[in-house]
Structure formats: C-alpha cells, structure tokens
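*Asks:* Keeping their order, the protein sequence lines are chains A and B.
FYI, the numbering used here numbers position 2 of the first sequence as 269, with every residue one higher than the one before it.
FYI, the numbering used here numbers position 52 of the second sequence as 319, with every residue one higher than the one before it.
Even glycine gets a Cβ: it sits at the ideal position worked out from N, Cα and C.
Protein chains: 2
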Amino acid sequence: MYHEAKTEQSDLLVLRTSSLTGVLERELEHLILTGELRPGERLNEIQLSTRFGTSRGPLREATRSLQAKGLVDIIRNRGVFVRSVSPTEALEIYDVRAAIFGLAGRLLADLVNDQMLTKLNGYLDQMDQIAAGKDFDEYYPVNLAFHDYLVTSTGNKTLVKEYKSFVNKLHLARARGLVQAGGLSVSNREHREMVDALASGNRERAQESFFRHVERSKIRFRSTLDAGEANG
Amino acid sequence: MYHEAKTEQSDLLVLRTSSLTGVLERELEHLILTGELRPGERLNEIQLSTRFGTSRGPLREATRSLQAKGLVDIIRNRGVFVRSVSPTEALEIYDVRAAIFGLAGRLLADLVNDQMLTKLNGYLDQMDQIAAGKDFDEYYPVNLAFHDYLVTSTGNKTLVKEYKSFVNKLHLARARGLVQAGGLSVSNREHREMVDALASGNRERAQESFFRHVERSKIRFRSTLDAGEANG
DNA sequence: TCGTTGTTTATTGCCTACAATGTAAAATTC
DNA sequence: GAATTTTACATTGTAGGCAATAAACAACGA
C-alpha cells in the first residue's frame, strides 16, 4: 500500500519534467532492449495503450520517436514492428562503431593522465582475475564499464550518444547471441594494447588500436556467423 | 486545372506509401534545413496544423520524430523549438564527422578502381576550373557532390546515413555562416591528396587523409569563430 | 486440388472536441 | 518600482468516431 503510493508519487514527479510520451518511449525502449519485445514482433496500439493505461496519442508519438532512433519499423496501415537488424547491417554497424571508438582513442591520447591510467589498469586487473576464474557472467559488465569509461572520458557528448546508439542497435541483430559471443572471447591482451597506446600519447596509434579492437569483434562475429550458416 | 489534378494524383501516390506524418516530417525538415525556420524559433502546433491543413496528431508525431533526429528540442508545456547547435557542440560534431569520413576513406581504399578514380579526377578538374574563375557559388554544390560520391561509394548505408545526419546538424549551428565559410576556403590540394591516398590503396593512409580533411575544416571554423568573438 | 475472387474483421490513420494544466505576460496592488 | 494576482494562450492528454487498408477467411470455378 505504502509502496504503491510511493511509486505513484515518483511517477508524478517524472511527469513534471518529462512528458507521458517520453515515459512511454523509455518504457518501450526498455522492453525492446531487454528482449521482452523481440525483433520482428508487432506492437499493437490498443493493446499497449490499455496495458500502460494511456490513450493512443502519446503512444503513437513514442513509437515515431523510436522509429527515428532506428529501434522500430513502421509500415503504413500495418503497424509498428521491432526492428530486425540483418547480419549485413550488423557488419556495417561494426565498422561505424569502430570509427567512433577509434576517435575516442585519438581524443583520449591527448587527455590521458596518471589518474586515468590508474583507473584503466584497475579495470584490466579486475578482468584478468575474472578471466582466470572463468566466470564469464561477471566479465561482461566489467568489460562494458571499461568501454563506457573510455568513451565517456573523451568529454565529447555527441560521440558518447552515437556510440551507445550503435551498441543498442547491435542488440537488435537477428544473430543476437553471436554478437555477445564475439564480445566475450575478447582476450584482455587487446585491452592492454589499447591502454598502452593511450599511455604513449600517440594519437594515430591510439586511434588505430581502438579501431582494430572493434574490428576484431566484427571478425569474430562474422566467423561465428559463417560457421552457423554452414551447420544449419 | 490539369496541373492541379496531376499534383493531387501525385499527392495520393505519396500518401499510399508514406503517411501524412512522414510527409509533414519531411516538410518541416525542409523548412528547418533551408533556414525558413531558424534555430531557436518556436513551432506553434495550431499555427502549423492550420497551415498544412492537418490535425494536431500527425503534426505532433512528426515533431517527435524530428526531436529524435536532433533537429528540434521539445520542452514540456512550452513547445517545440528548432534546435540551436552551440559552437562547442559543433566542434564535437566535426570530430565525429571526421571519424566517419575517415572510415569512408579506409573502406574506399579497398574498393577503389579505375572507373572511380576517373570520376573523382573529373570532380577535381571541375573544381579547379571553378576555383580559377572564382565563382564560389558554383564551387559549393560540386564540392558537395564530390563528398557525397565518396561516402556513397563505400556501400555502407549506415555510414551514409550518419554522415548526412551530421552534415545536417551543422546547418543548425548558431554560427552557421562560419560553417559554410570553413568549407568554401578548402583548397583543392586537400582533395587531390585524398584521391592520391585512395589510389595508393593504403587503408591507414586513406583514413588519415580523409580524417584530416574534415579536421582542417574544423580548425578553420574555430579560428573564424575566435576572430568573430574578438571583434563582436 | 489449386488458384481466384468476394467478404469479414481487426487495426491503423486521421479527425474533431473537450478538459486539465502550465506558462507568460498583463494588470493590479502594495 | 517590485511583488503578486489575474488573464490569455498554448500545450498535453483523453475520448470517440469514421474511413481506409490489409490480412484472414470463405465461397467459387477451373
């Protein structure tokens, strides 16, 4: 009872700054990125609006926004569908993501300092330990935090936004499992190479190192893809 | 009379595939990018819907889409405003655009052939001629076509979309004139350097050459900016 | 049996109208 | 002149309705 009142209040608080459309958009985005709504699945207007207790208007506005963000496709008179990223498009995205991540390396090479290197080495040690214990479920979030820290530290908000947008889109890949598999098998040596490149302060070297890191995930993704096609 | 009937028919044809929301979105985007609606200006719902002869619904959906694309800001209970890109953000965008354009160079280095080089050299000669005649109004569209051809030739649709999105956003920079000024003073030598890099087939060299080309516009933009601040 | 042609039904696209809320500016008061 | 209240206006969200369309289904004929 008390809890209900509390959530209602915080809902109201959210609505004071953010519109209902915005809330619905985040809600839907969450459902999509967690996989509760799967690629190809249709989003029924009436069904969703009754589920969230709103009218169709704000919901339609939210889906338009998600379309512009590339998370759903809207087909006239047919409806809204969770976007399904083809392997070809996934490969394209890997390249663009590599370019953006490479820029992060280039920018960081000019910003790097002892504090940053200490923090980065902390991540590296942590990942080494986890890898030794073969606890891959723990590896994933630390790996994510490592990359997040790098990208955010550039101070370039446009870059951060773009990078995250592409990471999100890769979650919509039809071969979603393969994307994760490609990331998991990263040896920590690649990460050390990146940090070393940063420490050198050489822009081009850092950029190339960061770029290649993503390209290697792309290659892993592609080979897993080919192997899967050969089998089934 | 005949002409009216014809346009109505083509309107219907457009509506068959594209929704009214989509038409409005493109229309508004056009108004914004041509500068008819200027950065900071407010988009009045009722005013616009009567202007276009539609109801509020599709118009609101269109503006939500434009918000997601980064062309407008929506402030709750206050309205929709044409986005105004600060000089700081413009500098950020230049960097990201450089990274993406650099990727184009890297990809093209593997795709380059005689036909492409012939086409590119055609652009170069054309721009040399125009520059000799000092007809800067003519220089701009050819310069644009040159870059467009490069980006499109990569075959990476994700890259193309992103690149164009950033070029558009730079049109919303408060110091819009400066952005154009930065582009106009490009010496054709930079362009030749890029084509040479492509011809060499060396990926890293091509990437770096393309990257630096955009970075140089950024630097020109920034110095014009500083000069303007010093004066006014 | 297969392909074609109506028919039905669910859903979207768009509209009008209305109530509630918030903002900004004008009017008023101190 | 500054602070406060009022007023006008705009946005936000809801409800209900109707035409258009597409997909599923049934009837039909070859």
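Anything in chain B within Cβ reach of G369 (chain A), meaning under 7 Å, just list it in chain order.
*Replies:* Taking the first sequence and counting its residues from 1, the one referred to as residue 369 (chain A) is at position 102. Ordered by position in chain B, the residues that pass the 7 Å Cβ test against G369 (chain A) are A366.
*Asks:* S476 (chain A) to G468 (chain A), Cα distance in whole Å?
*Replies:* In the first sequence, residue 476 (chain A) corresponds to position 209, counting from 1. In the first sequence, residue 468 (chain A) corresponds to position 201, counting from 1. Straight-line Cα distance between these residues: approximately 12 Å.
*Asks:* How is R305 (chain A) classed by DSSP in three states: helix, strand or coil?
*Replies:* Walking along the first sequence from the start, residue 305 (chain A) turns up at place 38. Correct three-state label for R305 (chain A): coil.
*Asks:* Rounded to whole angstroms, what's the CA-CA distance from L374 (chain A) to L417 (chain A)? Just pull it up for me.
*Replies:* The residue labelled residue 374 (chain A) in the question sits at position 107 within the first sequence. The residue labelled residue 417 (chain A) in the question sits at position 150 within the first sequence. C-alpha separation (whole angstroms): 10 Å.
*Asks:* Just confirm the distance between the C-beta atoms of H458 (chain B) and L300 (chain B), as a whole number of angstroms; I'd bet it's less than 8 Å.
*Replies:* Translated into the one-based positions of the second sequence, residue 458 (chain B) becomes position 191. Translated into the one-based positions of the second sequence, residue 300 (chain B) becomes position 33. Rounded, the Cβ-Cβ distance is 25 Å, inconsistent with contact.
*Asks:* Using a Cβ-Cβ cut-off of less than 7 Å, give me the residues of the stretch 409-424 of chain A that come near chain B, in sequence order.
*Replies:* Result list: N423, K424.
*Asks:* How would you list, in chain order, the residues of chain A whose beta-carbon sits under 9 Å from the beta-carbon of I486 (chain B)?
*Replies:* As a first step, residue 486 (chain B) must be located in the second sequence, where it is residue number 219. Simply none; closest approach about 15 Å.
*Asks:* What did DSSP end up calling G400 (chain A) once you bin it into helix, strand or coil?
*Replies:* Residue numbering aside, residue 400 (chain A) sits at position 133 when the first sequence is read from its first letter. Correct three-state label for G400 (chain A): coil.
*Asks:* Is G289 (chain B) buried or exposed, if buried means 16 or more other CB atoms sit within 10 Å of its CB?
*Replies:* For the purposes of this step, residue 289 (chain B) is identified with residue 22 of the second sequence, where counting begins at 1. Label assigned to G289 (chain B): buried.
*Asks:* Kindly indicate which three-state DSSP category G346 (chain A) falls into: helix, strand or coil?
*Replies:* One-based indexing of the first sequence puts residue 346 (chain A) at position 79. Correct three-state label for G346 (chain A): strand.
*Asks:* Tell me the DSSP secondary structure of V339 (chain B) in three-state form.
*Replies:* Here residue 339 (chain B) corresponds to residue number 72 of the second sequence, with the count starting at 1. It is a strand residue.
*Asks:* Considering only C-alpha positions, which residue in the set A:A376, A:E312, A:Y361, A:A329 is nearest to R472 (chain A)?
*Replies:* Start at 1 with the first residue of the first sequence, and residue 472 (chain A) comes out as number 205. Considering only alpha carbons, the answer is A:A376.
*Asks:* List the residues of chain A whose Cβ lies closer than 8 Å to the Cβ of L387 (chain B), in chain order.
*Replies:* Numbered from 1 along the second sequence, position 120 holds the residue referred to as residue 387 (chain B). Near L387 (chain B) there are no residues of chain A at all, since even the closest Cβ is about 21 Å away, more than 8 Å.
*Asks:* Identify each residue in the stretch 318-340 of chain A for which the Cβ-Cβ distance to at least one residue of chain B is less than 8 Å, and report them in chain order.
*Replies:* Cβ contacts with chain B come from G324, R327, E328, A329, R331, S332, L333, Q334, A335, K336.
*Asks:* Rounded to whole angstroms, what's the CA-CA distance from I360 (chain B) to R343 (chain A)? Just pull it up for me.
*Replies:* For this step, residue 360 (chain B) is matched to residue 93 along the second sequence. For this step, residue 343 (chain A) is matched to residue 76 along the first sequence. Whole-angstrom Cα-Cα distance: 33 Å.
*Asks:* Taking just the CA atoms, how far does E294 (chain A) sit from S277 (chain A)?
*Replies:* Here residue 277 (chain A) refers to the residue found at position 10 when the first sequence is read from its first residue. Here residue 294 (chain A) refers to the residue found at position 27 when the first sequence is read from its first residue. Because S277 (chain A) sits at a pLDDT of 45, beneath the cut-off of 50, its placement in the model cannot be relied upon, and the point is left open.
*Asks:* Report the CB separation of L310 (chain A) from V347 (chain A) in whole angstroms; it is logged as a contact under 8 Å.
*Replies:* Working through the first sequence from its first residue, we reach residue 310 (chain A) at position 43. Working through the first sequence from its first residue, we reach residue 347 (chain A) at position 80. That pair is a contact at about 4 Å.
*Asks:* Count the other CB atoms within 10 Å of the CB of S484 (chain B); is the residue buried (16 or more) or exposed (fewer)?
*Replies:* Sequence index remark: in the second sequence, residue 484 (chain B) carries index 217 (1-based). Its Cβ being crowded by 16 or more others within 10 Å, S484 (chain B) is buried.
*Asks:* Looking at chain B, is there any beta carbon in it that lies within less than 7 Å of the beta carbon of E303 (chain A)?
*Replies:* In the first sequence, counting from the first residue as 1, residue 303 (chain A) sits at position 36. Chain B, which has no Cβ nearer than 7 Å to the Cβ of E303 (chain A), makes this no.
*Asks:* Under three-state DSSP, which class holds L439 (chain B)?
*Replies:* In the second sequence, the residue the question calls residue 439 (chain B) occupies position 172. Reduced to three states, the DSSP call for L439 (chain B) is coil.
*Asks:* Answer with yes or no whether the minimum CB distance from S286 (chain A) to chain B is below 7 Å.
*Replies:* Locating residue 286 (chain A) in the first sequence gives position 19, counting from the first residue. Yes, because at least one Cβ of chain B sits closer than 7 Å to the Cβ of S286 (chain A).
*Asks:* If you pair each beta-carbon of the stretch 382-397 of chain A with each one of the stretch 407-415 of chain A, do three or more pairs fall below 8 Å?
*Replies:* These segments touch.
*Asks:* Alpha carbon to alpha carbon, how far is A466 (chain B) from V349 (chain B)? Give it in angstroms, no decimals.
*Replies:* Numbered from 1 along the second sequence, position 82 holds the residue referred to as residue 349 (chain B). Numbered from 1 along the second sequence, position 199 holds the residue referred to as residue 466 (chain B). Spanning the two alpha carbons is a distance of roughly 42 Å.
*Asks:* Taking one C-beta from the stretch 319-326 of chain A and one from the stretch 353-367 of chain A each time, how about it: are there three or more such pairs within less than 8 Å?
*Replies:* Contact between the stretch 319-326 of chain A and the stretch 353-367 of chain A is absent, because fewer than three Cβ pairs lie under 8 Å.
*Asks:* Identify each residue in the stretch 344-360 of chain A for which the Cβ-Cβ distance to at least one residue of chain B is less than 8 Å, and report them in chain order.
*Replies:* Within the stretch 344-360 of chain A, the qualifying residues are E356, E359, I360.
*Asks:* Taking C-beta to C-beta, are T421 (chain B) and A464 (chain B) nearer than 7 Å?
*Replies:* Within the second sequence, residue 421 (chain B) is the residue found at index 154, counting from 1. Within the second sequence, residue 464 (chain B) is the residue found at index 197, counting from 1. Taking 7 Å as the Cβ cut-off, T421 (chain B) and A464 (chain B) do not qualify as a contacting pair.
*Asks:* Helix, strand or coil, according to DSSP, for V500 (chain B) in the structure here?
*Replies:* Coverage of chain B is limited to positions 268 through 499, which leaves residue 500 (chain B) absent and any answer about it impossible.
*Asks:* Cutting at 7 Å between CB atoms, please list the residues of its own chain near S351 (chain B), excluding the five before and the five after it.
*Replies:* Reading the second sequence from its first residue, position 84 is the one you call residue 351 (chain B). The answer, listed in chain order, is P306, G307, L439, R441.
*Asks:* Judging by CA-CA distance, which residue of A:F478, A:A366, A:Y406, A:T419 is the nearest neighbour of M383 (chain A)?
*Replies:* Taking the first residue of the first sequence as position 1, residue 383 (chain A) is located at position 116. Considering only alpha carbons, the answer is A:T419.
*Asks:* Output, in chain order, the set of chain B residues within a Cβ distance shorter than 9 Å of E471 (chain A).
*Replies:* By one-based count along the first sequence, residue 471 (chain A) stands at place 204. The contacting residues are E471, E475.
*Asks:* Can you pull the chain A residues whose beta carbon is under 8 Å from the beta carbon of E429 (chain B), in chain order?
*Replies:* Here residue 429 (chain B) is taken as the residue at index 162 of the second sequence, counted from 1. Within chain A, the residues near E429 (chain B) are V363, E429.
*Asks:* Would you say L375 (chain A) lies against chain B (beta-carbon separation less than 7 Å)?
*Replies:* Locating residue 375 (chain A) in the first sequence gives position 108, counting from the first residue. Taking Cβ atoms only, chain B never reaches closer than 7 Å to L375 (chain A), which makes this a no.
*Asks:* Does E303 (chain B) pass the burial test, meaning 16 or more other C-beta atoms within 10 Å, or should it be called exposed?
*Replies:* For this step, residue 303 (chain B) is matched to residue 36 along the second sequence. Its Cβ having fewer than 16 others within 10 Å, E303 (chain B) is exposed.
*Asks:* Per DSSP, what are the beta-bridge partners of L426 (chain A) in this structure?
*Replies:* Translated into the one-based positions of the first sequence, residue 426 (chain A) becomes position 159. Answer by DSSP bridge pairing: none, since L426 (chain A) is not bridged.
*Asks:* So, at 8 Å on beta carbons, what are the nonlocal neighbours of V434 (chain A) in its own chain, with the 5 sequence-adjacent residues on each side left out?
*Replies:* By 1-based counting over the first sequence, the position of residue 434 (chain A) is 167. So the list reads R364, once near-sequence residues are dropped.
*Asks:* At least one CB of chain A closer than 7 Å to the CB of L300 (chain B): is that the case?
*Replies:* Residue 300 (chain B) sits at position 33 when you count from the first residue of the second sequence. With 7 Å as the cut-off, L300 (chain B) does not count as an interface residue toward chain A.
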